[in-house]
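Q: Residue numbers (our numbering): 72 to 322.
Here it is in structure tokens:
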């Protein structure tokens, strides 16, 4: 989808992008090949040509920062196929919902190969270096909750990556409610040990751990790992629907 996106280019808006799609264009290369026939002004044609050239250069260089800055945040999902090899699926657990009053207890980071969980009082500071390894972050409600919470406790983390907060694109294609409901709607089944755990139970598990219950921490970490691993399953299941919804909605 990124290779048929134009709204990140200077001087190009959704109207021009729609006209390009309506013309049957499916890639930047096709846009250049069929430039003469595109139903847009000469000025816009020059802007598209320059934008394609610039975009190809940055994509070839793996420059996620360029697309993170130029692509509207609500459309970062379009870049998933191009940057999914450098992605981190992220979820946090906390002592409550109030940044400044409550604190992070666990940060889970899944890189498609390994699920890593960082725990307060053990190795939580290691997330600073870990986040620097990735070009794309994927969360659920992370724009409002997870990333601001992390930034407050770790202001040195830049968060200059592409960021897909799945809650919003999922709403576009009819999946509402919390993460657990959406998982059920998509047929994703959690393990018996954590299938009834929710955010508030996660707080209680942490409190039990702090009172000496090591098994409670094991359950909390299992719960967090399912959160982050299931984010990958969700985006893989719905990505084609997101593309179809985007191109059809704009027509």
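We treat Cβ as the ideally placed atom computed from N, Cα and C, and that holds for glycine.
What you are looking at is a predicted structure, and each value in this text was computed from that prediction instead of being measured.
So, do the stretch 245–261 and the stretch 140–156 have three or more beta carbon pairs nearer to each other than 8 Å?
A: no
Q: Between residue 293 and the rest of its own chain, which residues show a CB-CB distance below 8 Å, the 5 nearest in sequence each way excluded?
A: The residue given as residue 293 occupies position 222 in the chain shown. If we look at residue 293 and ignore the five residues flanking it on each side, its Cβ neighbours are 262, 264 and 265.
Q: Going by DSSP in three states, residue 229 sits in which element: helix, strand or coil?
A: Taking the first residue of the chain shown as 1, we reach residue 229 at position 158. Looking at residue 229 - three-state DSSP - the assignment turns out to be coil, as it is neither helix nor strand.
Q: Do residue 253 and residue 316 have their CB atoms nearer than 9 Å?
A: Within the chain shown, the letter at position 182 stands for residue 253. Within the chain shown, the letter at position 245 stands for residue 316. Not closer than 9 Å, so no.
Q: Out of 99, 302 and 228, point me to the one whose CA is closest to residue 159's CA.
A: In the chain shown, residue 159 corresponds to position 88, counting from 1. Closest in C-alpha terms to residue 159, from the list 99, 302 and 228, comes 302.
Q: Tell me the residue span of the beta strand (DSSP E) that contains residue 198.
A: By one-based count along the chain shown, residue 198 stands at place 127. Run containing residue 198: none in the beta strand (DSSP E); it sits in the alpha helix (DSSP H), 198–202.
Q: Where DSSP assigns a beta bridge to residue 323, which residues make up the other side?
A: Residue 323 cannot be examined here, being either before or after the span of the chain that is shown, 72 to 322.
Q: Any idea what DSSP makes of residue 260, helix, strand or coil?
A: Working through the chain shown from its first residue, we reach residue 260 at position 189. DSSP places residue 260 in coil when its eight states are reduced to three.
Q: Enumerate in chain order the residues of its own chain whose CB-to-CB distance from residue 322 is below 8 Å, with the five nearest sequence positions on each side excluded.
A: Residue 322 sits at position 251 when you count from the first residue of the chain shown. With a pLDDT of 44 at residue 322, under the threshold of 50, the modelled position of that residue is not reliable, and no figure is offered here.
Q: Are the stretch 171–188 and the stretch 215–228 in contact at 8 Å, needing three or more beta carbon pairs?
A: yes
Q: Residue range of the alpha helix (DSSP H) that residue 222 falls in?
A: Sequence index remark: in the chain shown, residue 222 carries index 151 (1-based). That run of the alpha helix (DSSP H) goes 218–224.
Q: By the three-class DSSP mapping on this structure, what secondary structure does residue 322 have?
A: Here residue 322 refers to the residue found at position 251 when the chain shown is read from its first residue. Residue confidence for residue 322 is low, a pLDDT of 44 falling below 50, so the modelled location carries little weight and cannot support an answer.
Q: Could you check what DSSP says for residue 290 in three-state terms: helix, strand or coil?
A: To locate residue 290, count along the chain shown from 1; it is residue 219. Looking at residue 290 - three-state DSSP - the assignment turns out to be helix.
Q: Quick one: what's got a C-beta closer than 6 Å to residue 178's C-beta in the same chain, skipping five residues either side?
A: Position 107 of the chain shown, counted from the first residue, corresponds to residue 178. Within the same chain, residue 178 has close Cβ partners 163, 189 and 198.
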